[in-house]
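Here the sequence shown is numbered in our numbering, starting from 762 and rising by one per residue. Virtual Cβ for every residue (Gly too), placed ideally from N, Cα, C. Note sheet for the following structure.
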Amino acid sequence: RQLPPALTPAGSRLLPRAVPVCHPALFPSQLKSQAPGSAEELRCLQVLNQQPEGSSLEELSSSQGCLKLASTIKAYVATVTENIIRRSAVKEAWRSYFNTSEGQIPPRTAGKPSAHLTLRPQSLAQDGRSQSFGNLSQSCRHAIAHWGHGSLRSHVHNMSYRAGRLRVEQPGKYYVYSQIYFRYRSAGRDSGPQLVQCIQWQPAHSPPVLLLKGVGTKCWAPDADYGLHALYQGGLFELKAGDELFVSVSSLAIDSNDAAASYFGAFRLDL
């Protein structure tokens, strides 16, 4: 690092009238830790304080003791300055995080929008007869209208849920995902059923649009009582406030007794 302008060897800057910062009492620990040459540095301080206004510093800059003292002063000032800046930055960060005038957390810092829903342990027969999801494709004609959203394994935060639909309240890029755990009895297993899962996106006042689609055709083991298969899919999408999301499937042969196996959710990413 370069020395401060007032102490550079090549400079002949003018000395200010008052130089209290150079008093030894301001940095005793730094001076006490110096080598035996500290006496010369103390003499340098005395000479510096006795300099009249407008004096040249060329004589002081030629002394190795004064240069060493200048380096010590510079390091001390830098340390004090860094501590002041750090405390100021922390104080400003807390002020921006909290609304100090009202003592409340601003709404934006209350948490990112997210939701994780689990399939409710109940009959899914009535889901396929729901007409509130619009015209869906034949391969994904059964909309799932019953999700658990208030249990230990599920939550809805800064989003809303109603009758199978997740509603976006804050715009942004959202990762949307779902897994469905199909469970076929032996009769369905023999026919090699086609398993389809769809995640639908429905903008406000518009028909649903297919976002993601997962397909699988499985042949089950001949000695199994049930055929089991899980379909998972997820993707990142730009969503607006008022957009809704829901899941539809090809068949309601789903294991609804395992909350960890079938789920649906979304969360915003600040990219």
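Annotated three-state conformation of Glu1005 is strand, per DSSP. Classified as buried, Arg881 has 16 or more neighbouring CB atoms from the shown chains inside 10 Å of its CB. Taking 9 angstroms as the cut-off, the Cβ atoms of Tyr1024 and Thr879 count as close. Residue burial is scored here from C-beta neighbours: Pro969 has at least 16 other C-beta atoms within 10 angstroms and is therefore classed as buried. Buried is the label assigned to Leu1006, since at least 16 other Cβ atoms lie within 10 Å of its Cβ.
Residues Glu802, Cys805 of the same chain have their beta carbon placed closer than 6 angstroms to that of Leu830, with the five preceding and five following residues left out of the count. With distances taken between CA atoms, Gly925 lies nearest to His903 out of Ser967, His903, Lys934, Ala836. Secondary structure note for Ala924: it is in no beta strand (DSSP E), with a DSSP letter that is neither H nor E. The C-alpha of Lys852 is placed about 33 angstroms away from the C-alpha of Tyr935. Taking the C-beta atoms as reference points, Arg944 is found nearer than 9 angstroms to Leu989. Excluding its 5 nearest sequence neighbours in each direction, Gln899 has no C-beta neighbour in its own chain below 6 angstroms.
When the beta-carbon positions are compared, Val937 and Gly1026 come within less than 9 angstroms of each other. Assignment of beta-bridge partners to Cys959 by DSSP yields Lys974, Ser1009.
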